[in-house]
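A short write-up of the structure that comes next.
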Amino acid sequence: MMKETAYWISLAHIPKWGYKKINSLIVKFFHDFQIPIDEFFHLDETDWKNKFHLEDKDINDLKKAKSEVASNSFLAESLLNQGYEILPIISSDYSKTLKENLKTSNSPPILYLKGNKNILGENSVAIVGSRNASKKALDFADNIAKLASNKFKVVVSGFAKGVDKQALDSAIKYKGQSIIVLPQGILTFDSGFKKYYKQIIDGDILVLSTFFPKAPWKAELAMARNPIIYGLAKEIFVAESSDKGGTWSGVIDGLRKGRKIYVLKPEIDDNNANNLLIQKGAIPVDFEGNELYKEYDIVENHLLVSAEEQVETYDLEKKIHEILTVKPMTATEILAKLDIDWKIKKMNNYLKKLNFIQFEKSGRRNIYKLRESIERFQHKLFDNS
Amino acid sequence: MTRFEAEEILKKTFKLSKFYDDQWTTIKYILEGRKVLLIQRTGFGKSLCFQFPATIFKGMTVIFSPLIALMRDQVKKLNDLGIKARCINSEQTLEENSKIINEAKLGKVKILYIAPERQENIEWIEAVREMNLSMIVVDEAHCISLWGHDFRPAFKRIVDLVNLLPKGFPVLATTATATKRVENDIAKQIGYDTITIRGNLIRDNLKLYVIQVSSEDEKLIWLGKNLNKLPGSGIIYTGTRVNTLIYSNWLEYLKISSTSYNAALDPESRVAIENGFMVNQWKCIVSTNALGMGIDKPDIRFIIHTQIPQSPIHYYQEIGRAGRDGETSYIILFYNKEDRKLPEAFIESSRPEMSIYDKVINVVKNELLSERELMKQTNLKQTQVRVIKADLIEQGIIRELNFGGSKKYEFITNAKKIDTKKFVDLRNHKLKELEDMIAYVETDKSRMKFLCEYLGDTIKSNISNCDNTSENKIKISVTPEWIEKLQNFREEYLPILEVETKGSNLINGIAASYYGTSSVGSAIHRSKYENGGDFPDFLLKLFIKAFRKKFGNETFHYILYVPPTKSGDLVKNFAIKVSKILKIPISHKLVKTRHTIEQKVFENSLLKTENVKNAFVYLEPNEIKGKTILIIDDIFDSGATMKEIGRYLTTLGVLKIVPMAIAKTVGGDIV
Numbered sequence: 001m002m003k004e005t006a007y008w009i010s011l012a013h014i015p016k017w018g019y020k021k022i023n024s025l026i027v028k029f030f031h032d033f034q035i036p037i038d039e040f041f042h043l044d045e046t047d048w049k050n051k052f053h054l055e056d057k058d059i060n061d062l063k064k065a066k067s068e069v070a071s072n073s074f075l076a077e078s079l080l081n082q083g084y085e086i087l088p089i090i091s092s093d094y095s096k097t098l099k100e101n102l103k104t105s106n107s108p109p110i111l112y113l114k115g116n117k118n119i120l121g122e123n124s125v126a127i128v129g130s131r132n133a134s135k136k137a138l139d140f141a142d143n144i145a146k147l148a149s150n151k152f153k154v155v156v157s158g159f160a161k162g163v164d165k166q167a168l169d170s171a172i173k174y175k176g177q178s179i180i181v182l183p184q185g186i187l188t189f190d191s192g193f194k195k196y197y198k199q200i201i202d203g204d205i206l207v208l209s210t211f212f213p214k215a216p217w218k219a220e221l222a223m224a225r226n227p228i229i230y231g232l233a234k235e236i237f238v239a240e241s242s243d244k245g246g247t248w249s250g251v252i253d254g255l256r257k258g259r260k261i262y263v264l265k266p267e268i269d270d271n272n273a274n275n276l277l278i279q280k281g282a283i284p285v286d287f288e289g290n291e292l293y294k295e296y297d298i299v300e301n302h303l304l305v306s307a308e309e310q311v312e313t314y315d316l317e318k319k320i321h322e323i324l325t326v327k328p329m330t331a332t333e334i335l336a337k338l339d340i341d342w343k344i345k346k347m348n349n350y351l352k353k354l355n356f357i358q359f360e361k362s363g364r365r366n367i368y369k370l371r372e373s374i375e376r377f378q379h380k381l382f383d384n385s
Numbered sequence: 001m002t003r004f005e006a007e008e009i010l011k012k013t014f015k016l017s018k019f020y021d022d023q024w025t026t027i028k029y030i031l032e033g034r035k036v037l038l039i040q041r042t043g044f045g046k047s048l049c050f051q052f053p054a055t056i057f058k059g060m061t062v063i064f065s066p067l068i069a070l071m072r073d074q075v076k077k078l079n080d081l082g083i084k085a086r087c088i089n090s091e092q093t094l095e096e097n098s099k100i101i102n103e104a105k106l107g108k109v110k111i112l113y114i115a116p117e118r119q120e121n122i123e124w125i126e127a128v129r130e131m132n133l134s135m136i137v138v139d140e141a142h143c144i145s146l147w148g149h150d151f152r153p154a155f156k157r158i159v160d161l162v163n164l165l166p167k168g169f170p171v172l173a174t175t176a177t178a179t180k181r182v183e184n185d186i187a188k189q190i191g192y193d194t195i196t197i198r199g200n201l202i203r204d205n206l207k208l209y210v211i212q213v214s215s216e217d218e219k220l221i222w223l224g225k226n227l228n229k230l231p232g233s234g235i236i237y238t239g240t241r242v243n244t245l246i247y248s249n250w251l252e253y254l255k256i257s258s259t260s261y262n263a264a265l266d267p268e269s270r271v272a273i274e275n276g277f278m279v280n281q282w283k284c285i286v287s288t289n290a291l292g293m294g295i296d297k298p299d300i301r302f303i304i305h306t307q308i309p310q311s312p313i314h315y316y317q318e319i320g321r322a323g324r325d326g327e328t329s330y331i332i333l334f335y336n337k338e339d340r341k342l343p344e345a346f347i348e349s350s351r352p353e354m355s356i357y358d359k360v361i362n363v364v365k366n367e368l369l370s371e372r373e374l375m376k377q378t379n380l381k382q383t384q385v386r387v388i389k390a391d392l393i394e395q396g397i398i399r400e401l402n403f404g405g406s407k408k409y410e411f412i413t414n415a416k417k418i419d420t421k422k423f424v425d426l427r428n429h430k431l432k433e434l435e436d437m438i439a440y441v442e443t444d445k446s447r448m449k450f451l452c453e454y455l456g457d458t459i460k461s462n463i464s465n466c467d468n469t470s471e472n473k474i475k476i477s478v479t480p481e482w483i484e485k486l487q488n489f490r491e492e493y494l495p496i497l498e499v500e501t502k503g504s505n506l507i508n509g510i511a512a513s514y515y516g517t518s519s520v521g522s523a524i525h526r527s528k529y530e531n532g533g534d535f536p537d538f539l540l541k542l543f544i545k546a547f548r549k550k551f552g553n554e555t556f557h558y559i560l561y562v563p564p565t566k567s568g569d570l571v572k573n574f575a576i577k578v579s580k581i582l583k584i585p586i587s588h589k590l591v592k593t594r595h596t597i598e599q600k601v602f603e604n605s606l607l608k609t610e611n612v613k614n615a616f617v618y619l620e621p622n623e624i625k626g627k628t629i630l631i632i633d634d635i636f637d638s639g640a641t642m643k644e645i646g647r648y649l650t651t652l653g654v655l656k657i658v659p660m661a662i663a664k665t666v667g668g669d670i671v
């Protein structure tokens, strides 16, 4: 795997290729054709075209990436020598939680790591919240980190000021383990590596980045990092959110993806948007992280779903997503695959509401397929790398 | 491309008519995108094997070379041929280097020479991503192997890099000196698919002699008598830095033109000497083995070793620099039975004790540290810290990080314990090689054959180019006249105490002798550490002689001495005697304000400087204001004490401070 690092770097950072496009190609050569990445890169262009159904533009992109493998070897050597690890999505060490949560469409094709990578396999809790958090929110983050550490769960946080930092510091305080998900390239984190040297050496902290190693901090990167934090965690706790900004959009995105997200239930006079998130489907919890949803009135009717129902819907969405990864289909075909007792019209309506799906008219039929909008957002990450 | 087509291009581009067979074979493999290890003697034309394909490839070729002199040389030659070659190295300014990096990014450079250490530079790594590369060359590839004569840790990273390169990317590793063991080791490291091409290593234009002597004096006298009889110019290799000074001073004393060279010189001086050497400015350069590697001087006519090298590989490598033009060159090795002690001590002391390794590991476990911080926290010498660092890196226990431009050392989680067997193996291997080197001295058969076979060459024919075959043996005759000359020389050339710094009125002084030589060191040691009483009178005589020679014409107002830490009044009593003889008043008013620890306890100068900082006071500052002062100590080592006293006395308004010591240590003599 190490030997192929430069190939992975070249593939993962092809400009204007989103995670989904890259991952589907990886699935093709690695799972379907069962060939390693270096062999794939050294195939003839005709093979790329005929076997992998790549278009000319894609082939050109790949050729360019191939020509960069030699120079990326220099980068790869430098990274490996300094103790960074580069985990491609096909690696058995790659976070299974992340893959489960983000699927092929949103999982980063490679992870840059430093520290104890075994942490990726542990049970995990994300603690998020605003940069200018109240004392109460910080205390909550501290408490959740304490509870998590006591149960040997890893605390995932984003190394921002406020709640993120509190979650990390508390995990250290309670001798727990942490994952720091960087909003920047891993080579630009020297101060952090110095500060957390001892914890990293002792195997208690893993630093993770999904961006090009030298990419400096940017607001877009911080935004793009949020889904990774959520993706790496089995449980997500929101200490405090305002009605806009990173935490807000992160939670909304998480809810949209069907994640179960716990939000600290605010007091009447708390000035935050936690209630709004709860109305949107997040689950209220008390200071100890215990669910409060059953006693809570949720205003907006169409969002009134119990936790179980939500899981069911989530499972349904997940299945539909899987089915459509293979090829575009009609509602009838999807129903047949799902084997559920719905009217075709109901399915059609349901499908149209799913934001990861788009449809095209083909004669009188609607053909549903996976939307590529999320990728467009990813482009930005690489343009400046 | 056929050989014919290639040779057509060769004529046009390199003005050469044809390739040797081994050259063409190598080039063919390279053009096919293979990995090749090429072992050929100096002067064979290894460079052409990568320079030619480099001009054929579309992109740029990167050459890793540890030798800056060689880089400069080859770049100049290539540019003269109209091939765009550049080098990036630490002796050029940052601006020069970035300009070249930019040219390379724009595709304006065909061949780029860099040092392996460049791989540690993150700006370079970033820039490479924008370069179009076609081939990687590892020059002096024996530096990859721990079993070679010049293992360099930076090459480990080049090996890793080569293994990360894409399939079908051409890599050429070249060396002139590799035993079978080293050859296999290199090939294994850079990949099992490596093709090895090994040429014949015979150098029959070199005339090999060994002169067995019974003292250092005999070597000096033979050189004094015979050096000017040798043709052209050449190199004298001494085993130590201090000997480069002693030998070149001796030649200077005899009016034989020479200069000394060692790695401690600043880059400008080194370049100036290298350039002067190219145009035969001196009859010879007296140097440690730092000089010559990679200097492409075709007409080095003689190479003389005053000290046996560590192994026949070292020796072959060093003498290989002579006679690259194919003309007769003289290769002389002096050997005194005592001489084996130096390389032996070097091998035995090349690794500190294991407890010291543990000490380093323990501090690195707790904190991310630089080399300086490591030295401070462990109280170890820089050389020791470096050896330990290199071993720990090699064994995967620590790693070197580039941290915002400075190097720091990080413990590797779950690292294994140190494998001491490896050290034992290596030490035994080196002792064996030293025995082999002595076997070279003692052999009565063809010396060139001995060397070539040692390097894994199979030679059927006899080679007669040495004092065991075709040439006469060299004998030494020592006459009283020459013994006297040498005596006079020794009194004339005194070790200099280099202490001058800006803002201090302390000037460079002298010592009466080097600590290590003759009976001086042992006499001091007896008095100081074995209750041997006052320093003996012969030391006083030497000291007075040295003083009269160097400072006899100056007026001194006071003699001061460095107040003791432990050894009582030895220096005080000595200074009183000096004061009586020279009739300069002595002052006892320089005293310590606090207890200091003996300087020899501290292994590095950082701690020595801290130990004596603000430790001295002069009781009546007014009496020495505007005066000239002689300050005496017994042993001069790092100079930290003298510098501190000089700094302090300057603040009191002393006009001039002249330091003198009985003996000066060289490179950490054991005090």
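So the sequences go chain by chain: A and B. Each residue of the first sequence is one higher than the one before, counting from 1 in the numbering used here. Each residue of the second sequence is one higher than the one before, counting from 1 in the numbering used here. Backbone N, C-alpha and C define an ideal beta-carbon position, used for all residues, glycine too.
| Check | Outcome |
| --- | --- |
| Terminal residues of the beta strand (DSSP E) in which tyrosine 330/B lies | 329-336 |
| Residue from Lys57/A, Trp342/A, Thr325/A with nearest C-alpha to glutamine 358/A | Thr325/A |
| Sequence-distant residues of the same chain with beta carbon closer than 8 angstroms to leucine 81/B, five excluded per side | Thr13, Phe14, Lys15 |
| Validate contact between the stretch 90-106 of chain A and the stretch 227-234 of chain A using beta carbons, cut 8 angstroms, 3 pairs | yes |
| Under the three-state DSSP convention, the category isoleucine 298/A falls into | Low per-residue confidence applies at isoleucine 298/A: pLDDT is 46, beneath 50, and the placement is therefore not dependable, though the value from the model is reported in the following sentence. Reduced to three states, the DSSP call for isoleucine 298/A is coil. |
| 8 angstroms Cβ cutoff, threonine 685/B in contact with chain A | Any property of residue 685/B remains undetermined from this structure, which presents chain B solely from 1 to 671. |
| The stretch 212-231 of chain A: positions lying closer than 8 angstroms to chain B by Cβ | Lys214 |
| Short CB-CB distance (under 8 angstroms) between valine 387/A and chain B | Chain A is shown from 1 up to 385; residue 387/A falls before or after that span and cannot be answered. |
| Contacts around glutamine 310/A, its chain only, beta-carbon distance under 8 angstroms, and the 5 residues preceding and following it disregarded | The predicted model places glutamine 310/A with a pLDDT of 47, which falls under 50 and marks its position as unreliable, so this point remains unresolved. |
| Cβ-based neighbour list, glycine 231/A, same chain, cut-off 6 angstroms, excluding 5 preceding and 5 following | Leu98, Asn101, Leu102 |
| Cβ shell of lysine 445/B (< 7 angstroms), same chain only, five flanking positions each side left out | Asn468 |
| Euclidean distance between Cα positions of lysine 153/A and glutamate 120/B | 37 angstroms |
| Beta carbon of phenylalanine 193/A nearer than 8 angstroms to that of lysine 114/A | yes |
| Alpha carbon of glycine 396/B to alpha carbon of glutamine 177/A, nearest angstrom | 25 angstroms |
| Unbroken alpha helix (DSSP H) run spanning histidine 525/B, endpoints | 520-529 |
| Interface flag, glycine 107/B vs chain A, CB-CB below 8 angstroms | no |
| Any C-beta of chain A under 8 angstroms from that of lysine 628/B | The question names lysine, yet the displayed sequence has threonine at residue 628/B. Answer no: the Cβ-Cβ gap between threonine 628/B and chain A never drops below 8 angstroms. |
| Buried or exposed (CB count within 10 angstroms, at least 16 for buried), glutamate 458/B | In the sequence on display, residue 458/B carries threonine and not glutamate. Under this definition threonine 458/B is an exposed residue. |
| Minimum Cβ-Cβ distance from isoleucine 119/B to chain A less than 8 angstroms | Contrary to the premise, residue 119/B reads as glutamine rather than isoleucine in this sequence. Closer than 8 angstroms to some Cβ of chain A, the Cβ of glutamine 119/B qualifies, so yes. |
| Within-8 angstroms CB hit, asparagine 402/B to chain A | yes |
| Residues of the stretch 401-428 of chain B with Cβ closer than 9 angstroms to any Cβ of chain A, in chain order | Leu401, Asn402, Phe403, Gly404, Lys408, Glu410, Phe411, Ile412, Thr413, Asn414 |
| Boundaries of the beta strand (DSSP E) in which lysine 136/A is found, first to last residue | Counting along the chain, lysine 136/A falls outside any beta strand (DSSP E), though it belongs to the alpha helix (DSSP H) covering 135-150. |
| Inter-residue Cα distance where the pair is asparagine 488/B and lysine 255/B | 14 angstroms |
| Tyrosine 618/B beta carbon near the ligand GTP (any heavy atom closer than 7 angstroms) | The ligand GTP is not among the ligands present in this structure, which contains no ligands whatsoever. |
| Backbone CA spacing between valine 285/A and isoleucine 26/A [nearest angstrom] | 40 angstroms |
| Phenylalanine 551/B in three-state terms, based on DSSP | helix |
| Spatial neighbours of glutamate 5/B in its chain, beta-carbon cut-off 8 angstroms, leaving aside the 5 residues before and after | none |
| Beta carbon proximity, leucine 31/B to chain A, threshold 8 angstroms | no |
| Opposing strand residues paired with proline 284/A [DSSP bridges] | Val263/A |
| Glycine 185/A beta carbon less than 8 angstroms from that of lysine 214/A | yes |
| For glycine 503/B and leucine 560/B, the rounded distance between their alpha carbons | 21 angstroms |
| Reduced DSSP secondary structure (H/G/I, E/B, other) of serine 306/A | Because the pLDDT of serine 306/A is 42, which lies under 50, any placement of that residue in the model is unreliable, and the number read from its coordinates should be weighed accordingly. Three-state result, serine 306/A: coil. |
| Whether tyrosine 493/B touches tyrosine 261/B by CB criterion (8 angstroms) | no |
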